[in-house]
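Student:
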Amino acid sequence: MRFPARPNGRLAAFLFSCLTALAAFPAAAAVPAEPPPIFVLNSLDASVSVINPVDWTEKQRIATGKEPHHIYMTPDEKSVIVANSAGDSLTFLNPRTAEVQRVVYGIIDPYQLQFSRDMKWFVTAGNRLNHVDIYRWDGKDLKLAKRIASGKTPSHIWIDNTSTIAYVTMQDSDEMIAVDLPTQTVKWRTATGTMPADIFGVHNDKTLLVGLTGSDGVQVFDVAGAEPKLVGKIPTGKGAHAFRSAGDGKSVFVSNRVANTISRIDLATLKVIATYPVPGGPDCMDLSADGKTLYVTSRWIKKLSVVDLASNKVVRQVNVGRSPHGVWTLDHAKRI
11 MRFPARPNGR LAAFLFSCLT ALAAFPAAAA VPAEPPPIFV LNSLDASVSV INPVDWTEKQ
71 RIATGKEPHH IYMTPDEKSV IVANSAGDSL TFLNPRTAEV QRVVYGIIDP YQLQFSRDMK
131 WFVTAGNRLN HVDIYRWDGK DLKLAKRIAS GKTPSHIWID NTSTIAYVTM QDSDEMIAVD
191 LPTQTVKWRT ATGTMPADIF GVHNDKTLLV GLTGSDGVQV FDVAGAEPKL VGKIPTGKGA
251 HAFRSAGDGK SVFVSNRVAN TISRIDLATL KVIATYPVPG GPDCMDLSAD GKTLYVTSRW
311 IKKLSVVDLA SNKVVRQVNV GRSPHGVWTL DHAKRI
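Using this note's numbering, read the sequence shown as starting at 11 and increasing by one per residue.
#1: Excluding the five sequence neighbours on either side, which residues of its own chain have a C-beta within less than 6 Å of the C-beta of Arg138, listed in chain order?
#2: Secondary structure at Ala37, three-state DSSP: helix, strand or coil?
#3: Throw me the rounded Cβ distance for the Gly301 and Ala343 pair, which I believe falls under 8 Å.
#4: Counting along the chain, where does the beta strand (DSSP E) carrying Gly75 start and finish?
#5: Where does Ala201 land, buried or exposed, given buried means 16+ other C-beta within 10 angstroms?
#6: Mapping DSSP to helix, strand and coil, what is Asp232?
#7: How many angstroms separate the CA atom of Thr307 from the CA atom of Ser53?
#8: What residue from His79, Pro78, Asp318 and Leu100 has the CA that sits closest to Pro287's CA?
#9: Whose CA, out of Glu77, Met129, Val212 and Tyr121, lies closest to the CA of Ser89?
#10: What residues in its chain sit with their C-beta under 6 Å from that of Asn322, if we drop five residues either side in the sequence?
#11: What distance in whole Å lies between the Cβ atoms of Thr279 and Gly249, which are believed to be in contact at a cut-off of 8 Å?
#12: Can you tell me the Cα-Cα spacing of Thr172 and Lys239, whole angstroms?
#13: With C-beta atoms as the reference, is Asp232 less than 8 Å away from Thr246?
#14: Less than 7 Å between the CB of His79 and some heavy atom of the ligand COA, yes or no?
#15: How many Å lie between Arg112 and Thr101 at the Cα?
#16: Whole-angstrom Cβ separation of Val262 and Ala252, contact assumed at under 8 Å?
#17: Tell me the rounded alpha-carbon separation between Thr163 and Thr204.
#18: So, using beta-carbon positions, are Ile244 and Val212 closer together than 8 Å?
#19: Roughly how many angstroms separate the alpha carbons of Ala320 and Ser298, rounded to a whole number?
#20: Determine the DSSP secondary structure at Ser53, reduced to helix, strand or coil.
#21: Report the residue ranges of all beta strand (DSSP E) runs contained in full by the segment 250-290; include only those spanning at least 3 residues, in chain order.
#22: Which class does Lys248 belong to by DSSP, given the choice of helix, strand or coil?
#23: Could you tell me which residues DSSP pairs with Leu218 in its beta bridges?
#24: Run through DSSP, which three-state label would Arg309 get?
#25: Relative to the alpha-carbon of Asp215, which residue among Gln70, Ala159, Gly259 and Val268 has its alpha-carbon at the smallest distance?
#26: Check whether the Cβ atoms of Tyr115 and Ser99 lie closer than 8 Å to each other.
#27: Going by beta carbon distance, what residues of the same chain come within less than 7 Å of Ile346, once the five residues before and after it are set aside?
#28: Given Ala31, which residues of its chain have a CB within under 6 Å of its CB, disregarding the five upstream and five downstream residues?
#29: Looking at the structure shown, is Ala320 part of a helix, part of a strand, or coil, going by DSSP?
#30: How should Gly257 be labelled, buried or exposed, when 16 other C-beta atoms within 10 angstroms of its C-beta is the threshold for buried?
#31: Count the other CB atoms within 10 Å of the CB of Arg332; is the residue buried (16 or more) or exposed (fewer)?
#32: Which class does Pro120 belong to by DSSP, given the choice of helix, strand or coil?
Written out as structure tokens, the structure reads:
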């Protein structure tokens with residue numbers, strides 16, 4: 011058997027010098043991954059603006075169905091769903107790449123939308139047609155379980171942490187209902203203030219905060235018992251509308267569309283502890299993962315307003331489409 015010849019001294023020295031020279035070169039710097047985009051829904055343009063949070067430009071604009079009003083990220087964060095109310099459809103987007111995953115048709119008048127946290131139930135509010143739809147979800151497809159006639163102009167939805175009760179406001183009949191999801195029946199109905207909009211559950215969902223767009227604050231309901239009890243009102247500003255958790259378990263933001271402000275409510279005292287001026291009819295909000303930056307849709311001026319919470323200022327605005335409504339990003343602070 012013949013063995014390969016061993017390199018002589020000169021060859022060995024040459025190989026060693028080559029390896030040494032290669033080792034002297036630094037490894038190629040890893041290219042940082044591009045952060046996930048910020049999605050802004052343009053209700054009057056039937057589109058979604060995809061914003062790059064590095065250079066704050068609109069990377070693309072995605073066509074949706076007619077009159078999209080709310081946008082929602084699934085609890086498993088695999089999809090961002092656009093509810094096209096007049097288009098009777100849902101557009102599913104990849105939250106990292108903004109690619110259209112699929113379009114689901116035959117979802118009638120989905121103005122507002124929300125999954126239960128266990129993702130077994132999907133609820134939509136038919137703002138135009140005065141109904142609440144309860145769908146079963148098997149991980150792939152939606153199947154209508156029941157359509158419930160509601161009060162006038164159902165607006166916003168909150169599903170409790172047990173995934174068994176959906177609370178829905180009626181903005182034109184000034185009331186709120188609680189729907190038992192397993193039986194798809196209305197548990198109770200209660201009067202609210204003028205034009206109730208968004209709902210946010212606190213204190214382990216024993217307390218509900220309801221924004222009053224037709225008034226100047228947030229109503230507080232005790233829903234721990236069999237029947238709801240109105241226990242107070244938090245003055246925030248005219249046109250109190252949408253909520254966003256501050257991600258710290260201690261406070262929540264509410265937008266005041268007419269007052270052009272955002273209020274921060276302390277959950278222990280249920281009092282306003284900070285106010286941030288935001289122009290153009292502030293509506294929906296999302297919060298950066300570090301809790302330092304609030305993204306707000308300025309509904310009447312076609313802008314996404316970026317608020318630095320430390321300085322209490324709008325530090326930039328990004329041009330988007332007409333009537334920007336919902337805003338969501340994968341790079342976010344806790345939402346509950």
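Just so you know, even glycine gets a beta-carbon here, dropped at the ideal spot from N, CA and C.
Tutor: Here's the rundown:
#1: Cβ-Cβ distances below 6 Å link Arg138 to Asp119 in the same chain, with the five nearest sequence neighbours on each side left out; the list follows chain order.
#2: With a pLDDT of only 46 at Ala37, under 50, the local geometry of the prediction cannot be trusted, and the value read off the model is given with reservation. Of the three classes helix, strand and coil, the one that applies to Ala37 here is coil, per DSSP.
#3: At roughly 5 Å, the Cβ-Cβ gap stays under 8 Å, so Gly301 and Ala343 are in contact.
#4: Taken as a continuous stretch (DSSP letters only), Gly75 belongs to no beta strand (DSSP E), as it is neither H nor E.
#5: The residue is exposed, with fewer than 16 neighbouring Cβ atoms inside 10 Å.
#6: Residue state for Asp232 is assigned as strand, using DSSP reduced to three classes.
#7: In this structure, the straight-line span from the alpha carbon of Thr307 to that of Ser53 is close to 11 Å.
#8: For Pro287, the closest C-alpha among the options His79, Pro78, Asp318 and Leu100 is that of Asp318.
#9: Answer by Cα proximity: Met129.
#10: Sequence-distant Cβ neighbours of Asn322 in its own chain, meaning closer than 6 Å and more than five residues away, are Tyr286.
#11: Contact between Gly249 and Thr279 fails: their C-beta atoms lie close to 23 Å from each other, not under 8 Å.
#12: It is roughly 20 Å from the alpha-carbon of Thr172 to the alpha-carbon of Lys239.
#13: For Asp232 and Thr246, no; Cβs fall outside 8 Å.
#14: Among the components of this structure there are no ligands whatsoever, and the ligand COA is therefore not found.
#15: Looking at the two C-alpha atoms, the distance is approximately 6 Å.
#16: Contact between Val262 and Ala252 is absent: CB atoms are separated by about 11 Å, not below the 8 Å threshold.
#17: Each residue's Cα considered, the two are about 13 Å apart.
#18: In this structure, Ile244 lies away from Val212, with their beta-carbon atoms at least 8 Å apart.
#19: Note on geometry: alpha-carbon atoms of Ala320 and Ser298 lie some 13 Å from one another.
#20: The answer is helix: DSSP assigns Ser53 an H, G or I state.
#21: Counting only runs of 3+ residues, the beta strand (DSSP E) found wholly inside the segment 250-290 occupies 250-255, 261-266, 271-276 and 281-287, in chain order.
#22: Here Lys248 sits in coil by DSSP.
#23: Leu218 has Gly211 and Phe231 as its beta-bridge partners, per DSSP.
#24: Of the three classes helix, strand and coil, the one that applies to Arg309 here is coil, per DSSP.
#25: The residue with the shortest Cα to Cα distance from Asp215 is Gly259.
#26: Yes, they are a contact pair.
#27: These residues qualify, in order along the chain: Ser255.
#28: Only weak support exists for where Ala31 lies, its pLDDT of 46 falling under 50; the coordinates are left without a value.
#29: In the structure shown, Ala320 sits in coil (DSSP, three-state: anything other than H, G, I, E or B).
#30: Of the other Cβ atoms in all chains shown, 16 or more fall within 10 Å of the Cβ of Gly257; this residue is therefore buried.
#31: That one is exposed.
#32: DSSP, reduced to helix, strand and coil, places Pro120 outside both helices and strands of the structure shown, so it counts as coil.
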